[in-house]
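The numbers in the numbering used here rise by one with no breaks, and the one at position 50 of the sequence shown is 146.
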Amino acid sequence: MKKLVILTGAGMSAESGIRTFRDMGGLWEQYDVMEVASPRGWEQNRDLVLQFYNERRRQLKECQPNAGHLGLVDLEADFDVQIITQNVDNLHERAGSSKVLHLHGLLTQARSTADERMVYDIGYNDINDGDFCEKGSQLRPNIVWFGEAVPAIHEAEEITRKADIFVVIGTSLSVYPAAGLCHMVKEGCPIFIIDPNEINTTIYSDYEFINEKAGDGVMRLKMLLRKYF
Ligand code: OAD
C-alpha cells in the first residue's frame, strides 16, 4: 500500500463548527494569542488561559466529525494513511482514523506543570485553578503554546520523509515547525493542497491545488487518487 501522509489544520474542522485561527472572525481576532496560548500568558493570568481552553473543550463535546474527516477514514481501504494534525480537537479519532499524530497537543488531556510527561485524559471536563497532579503541581492544558518546543515534530518529520503522497488540508502554513514539514517530502512525491482560500504555497514547486472546503475537497481528492494511484 502507498503511504498517504496528510497534514491537517484548523480548516479541517471548520465544517464541524470549530473556528479557525486566522480567517476573518477567527479565534486570534477575538483573543490575544500571547495572552491565552503562551507561557507568559499562563504566568500572567492563569484563569483566563484555563477559561479559554475550558470553553474550547466544552464546545468540542458538542461538535461532530464532518464529511472531510470521514472521507479520510475511507481512504484507509486503499492507502496506508497517516494523519499529522495541528488541531487540538479529537475529531480525526472520533471519525475513526487509525493513525493520528497531534503536533500541538490535545484538548482532552491535561498535564502537570511540574513534569510534562505526566499527562492525564480528562475527557471534556474543565481544568480549574487548584487541580493538581500527584506531585502537587497545578494542571494545565496539554497544548503546545507559542514559544514552546513541539516534541512530536521529530516523529512527524520521519513520517513525512516516507510519504508516497502528501496532502495538506485546511492550514495557512504560517506556524513553524509544522509548516516546515512540507520541505521534508522526498523528491517527486505528489502534493495535494485542499483549501477554499489561497494560501502560502510558495514553499512548494509543484502541487495540485483543490480549491474547496475540506468536505468537498476530500471527496475530490478521493476521485483523483483512485484515478492516478
Ligand atoms: P489557520 O487559522 O491559520 O488557517 C486555517 C486555514 O483553513 C486557512 O488556510 C483557511 O483558508 C482554511 N479553511 C477555512 N475554512 C476551511 C474549510 N471549510 N475547509 C478547509 N479549509 C478551510 O489555522 P492553522 O493553519 O491550523 O496553534 O493554524 C496553525 C496553528 O496556529 C494552530 O495549530 C494553532 C494556531 O495558533 C496552537 O494553538 C498551538
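Ideal Cβ positions, reconstructed from N, Cα and C, are used throughout, including at glycine.
{"Check": "Residue span of the alpha helix (DSSP H) that contains residue 282, given as start and end", "Outcome": "Run containing residue 282: none; DSSP gives neither H nor E here."}
{"Check": "Alpha carbon of residue 218 to alpha carbon of residue 203, nearest angstrom", "Outcome": "9 Å"}
{"Check": "Residue 235: first and last residue of the uninterrupted beta strand (DSSP E) it sits in", "Outcome": "235 to 239"}
{"Check": "Where residue 194 falls, given that 16 or more other Cβ within 10 Å makes a residue buried", "Outcome": "exposed"}
{"Check": "Chain-order list of residues whose beta-carbon lies under 6 Å from that of residue 209 (same chain, five-residue window excluded)", "Outcome": "233, 234, 236"}
{"Check": "C-alpha gap between residue 267 and residue 226, whole angstroms", "Outcome": "35 Å"}
{"Check": "Proximity test, residue 200 beta-carbon vs the ligand OAD heavy atom, cut-off 7 Å", "Outcome": "yes"}
{"Check": "Cβ-heavy atom distance, residue 136 to the ligand OAD, below 7 Å", "Outcome": "no"}
{"Check": "Other residues of its chain near residue 130: CB distance less than 8 Å, five sequence neighbours each side excluded", "Outcome": "136, 137, 242"}
{"Check": "Anticipated Cβ contact below 8 Å, residue 183 with residue 108, distance rounded", "Outcome": "6 Å"}
{"Check": "Delimiting residues of the beta strand (DSSP E) encompassing residue 206", "Outcome": "201 to 208"}
{"Check": "Under the three-state DSSP convention, the category residue 99 falls into", "Outcome": "strand"}
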